[in-house]
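Asks:
There are 2 protein chains.
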Amino acid sequence: MNKTTLFHKLVAFTTSVHRVTHELTKDAKADHITSVQYNILELIAVSQPVTPSQISDCQHLSLPNTSRELKKLREKNLIEKVGDPEDGRKQHIRLTKEGEQMMDKSFQLIETRFLNRIQNASKEDLDEIDQAIDILQRKLFY
Amino acid sequence: MNKTTLFHKLVAFTTSVHRVTHELTKDAKADHITSVQYNILELIAVSQPVTPSQISDCQHLSLPNTSRELKKLREKNLIEKVGDPEDGRKQHIRLTKEGEQMMDKSFQLIETRFLNRIQNASKEDLDEIDQAIDILQRKLFY
DNA sequence: CCACCTACTTATCATTTGATAAGCAAAATA
DNA sequence: TATTTTGCTTATCAAATGATAAGTAGGTGG
C-alpha cells in the first residue's frame, strides 16, 4: 500500500463523508438559528456542561464571538449559564428544556435518515461497518 | 449490532473526521482567498473542467453566488472559462497555470501532514486502513 | 416563428461571520 | 498586597456569505 495512493483515497473518502453528512443533516436545524449556532448547540448537547472557552476551542471561534453567539442562544431560551462555584470566572453552559427538545428533534431526523440509508444492509454489513469505523477511528482519525 | 448504537458511533466518527480534516487542512489556503473560494478551487482541481451549474450543485451555493465567486477567482487569475462549442450557454471552468500551482502547494502541505500522521503505522496498519476505507466508502458513504 | 426553458450573469440588500480593542472581576503568583 | 494572568463580556467594524430580482443569450419544442 503506497502512502501517496492512500492519501488520494483519503481525500476522496473525506469528501464522501462530508457529502453524506450534509445529506443527513441538511435542514435538520430550525430556521431561527444560524449554522454556527447549531454547531455550538450540537457540541453542548453532546458534552454538556461546557465552558465558553471549551466551545471557543472546539469550534475554532474566538472567545468574543463565542460569547456573542451564546448570548443570542440564551435570548432564544435554548441554553442556560451557571457560574462555577469553585472558580468565579468560569461559566457552565447547558441546554434548557427547550434546547434539549429542539436538539432531540434534530437528532431524530438525522437518525431516521441514517436508518433509511442502511436499511438494506445485512447483519454482516453492519458488523463490517462497525469494525471499519473502529479501525479508522483508532488508526487514522484519533 | 444495534442500529441506534451504530448511529451514535457514526456521529462520533464523523465528528472525528471533521476535526482531523480541519487539522490537516488548516492554513492550507492562501490568505487572499476565502474558504468558499478555496472549496470551489478544490472541486475544480479534482474534477476539471466543470460548469458553474455543477459547482453550484456540489457546493450547495446558488448559481448567482457561484457566478460571483468565480468572477473573483478569474480576477485573481486562478481559473479560466471556456465556452462550450456545442452549447453556447455552457461554460467550462479550469484552473490556470497559476491556479494549478497554488493548489499543488496546498495539496502538498496537506499530504505532508497526512504522512506525518501515519508515520508510525505499520504496513499491516496501512492495509487495514485501506480496507476499512473501502468498506465504509462502499457501504455507508456511497 | 414564438413561447418557453436552460445556463449564466449582474446587481443589490440583509445577515452572518471574523477580527480586534477595551473592559471587568476572579484567581494565581510574585 | 501588588501584579499578572485567566475567563469572559461588550462593542464595533469590515468582510464574507446568502437570498432574491432582473436581465441576457442560446437552446428546445410547439
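So the sequence lines, in the order shown, correspond to chains A and B. Per this note's numbering, residue 1 is the first one in the first sequence, and the count goes up by one each step. Per this note's numbering, residue 143 is the first one in the second sequence, and the count goes up by one each step. Just so you know, even glycine gets a beta-carbon here, dropped at the ideal spot from N, CA and C. The model shown is predicted, which means the values in this text are computed figures rather than measured ones.
Let me know the secondary structure DSSP gives B:K214 once reduced to three states.
Replies: Working through the second sequence from its first residue, we reach residue 214 of chain B at position 72. In the structure shown, B:K214 sits in a helix (DSSP, three-state: H, G or I).
Asks: What whole-angstrom Cβ distance do A:E69 and A:I40 have, given they're in contact under 8 Å?
Replies: Within the first sequence, numbered from 1, the residue matching residue 69 of chain A stands at position 69. Within the first sequence, numbered from 1, the residue matching residue 40 of chain A stands at position 40. About 6 Å; that satisfies the 8 Å criterion.
Asks: Under a CB-based cut-off of 9 Å, is B:I186 close to chain A?
Replies: The count along the second sequence starts at 1 and reaches residue 186 of chain B at position 44. Chain A contact via Cβ: absent.
Asks: Would you identify the three-state DSSP class for A:H8, choosing helix, strand or coil?
Replies: Looking up residue 8 of chain A in the first sequence gives position 8. Looking at A:H8 - three-state DSSP - the assignment turns out to be helix.
Asks: Ends of the beta strand (DSSP E) at A:I79?
Replies: Residue 79 of chain A sits at position 79 when you count from the first residue of the first sequence. Taken as a continuous stretch (DSSP letters only), the beta strand (DSSP E) holding A:I79 covers 79-83.
Asks: Leaving out five residues before and five after B:L251 in sequence, what residues of the same chain have Cβ atoms less than 6 Å from its Cβ?
Replies: Taking the second sequence and counting its residues from 1, one reaches residue 251 of chain B at position 109. Within the same chain, B:L251 has close Cβ partners A170.
Asks: So with CB distances below 9 Å, who are the chain B contacts of A:A30?
Replies: Along the first sequence, read from residue 1 onward, the residue named residue 30 of chain A stands at position 30. Those within 9 Å of A:A30 in chain B number zero; the least Cβ separation is about 18 Å.
Asks: Check whether the Cβ of A:M1 lies closer than 9 Å to any Cβ atom in chain B.
Replies: Here the question's residue 1 of chain A lines up with position 1 in the first sequence. Yes - at least one Cβ of chain B is within 9 Å of the one on A:M1.
Asks: Using a cut-off of 7 Å between C-beta atoms, extract the partners of A:T14 located in chain B.
Replies: Your numbering for residue 14 of chain A matches position 14 in the first sequence. Chain B residues near A:T14: V159, T163.
Asks: Classify A:L10 as buried or exposed, calling it buried when 16 or more other Cβ atoms lie within 10 Å of its own Cβ.
Replies: Here residue 10 of chain A corresponds to residue number 10 of the first sequence, with the count starting at 1. Burial call: buried.
Asks: Kindly indicate which three-state DSSP category A:L140 falls into: helix, strand or coil?
Replies: Locating residue 140 of chain A in the first sequence gives position 140, where the first residue counts as 1. Coil.
Asks: How far does the beta strand (DSSP E) with B:R231 in it extend, from its first residue to its last?
Replies: Translated into the one-based positions of the second sequence, residue 231 of chain B becomes position 89. Premise fails: B:R231 is in no beta strand (DSSP E) and is neither H nor E.
Asks: Does DSSP classify A:I93 as helix, strand or coil?
Replies: The residue given as residue 93 of chain A occupies position 93 in the first sequence. Residue state, collapsed to three classes: strand.
Asks: Rounded to a whole number of angstroms, what is the C-alpha to C-alpha distance between B:V224 and B:Q196?
Replies: What you label residue 224 of chain B is simply residue 82 of the second sequence in a count that begins at 1. What you label residue 196 of chain B is simply residue 54 of the second sequence in a count that begins at 1. Cα-Cα distance, rounded: 15 Å.
Asks: Which residue or residues does DSSP assign as beta-bridge partners of B:V192?
Replies: On the second sequence, position 50 is the one that residue 192 of chain B refers to. Partner(s): B:I235.
Asks: For B:M143, does the three-state DSSP call read helix, strand or coil?
Replies: Position 1 of the second sequence, counted from the start, is the residue given in the question as residue 143 of chain B. In this structure, B:M143 counts as coil in the three-state DSSP scheme.
Asks: With a threshold of 8 Å, are at least 3 pairs of Cβ atoms found where one atom belongs to the region 127-136 of chain A and the other to the region 269-279 of chain B?
Replies: Yes: the two stretches touch, three or more of their Cβ pairs being nearer than 8 Å.
Asks: Would you say B:D272 faces chain A, with C-beta separation under 9 Å as the test?
Replies: Taking the second sequence and counting its residues from 1, one reaches residue 272 of chain B at position 130. Cβ-Cβ to chain A under 9 Å: yes for B:D272.
Asks: Going by the CB atoms, is the gap between B:T193 and B:H160 shorter than 9 Å?
Replies: Here the question's residue 160 of chain B lines up with position 18 in the second sequence. Here the question's residue 193 of chain B lines up with position 51 in the second sequence. Cβ atoms of B:H160 and B:T193: not closer than 9 Å.
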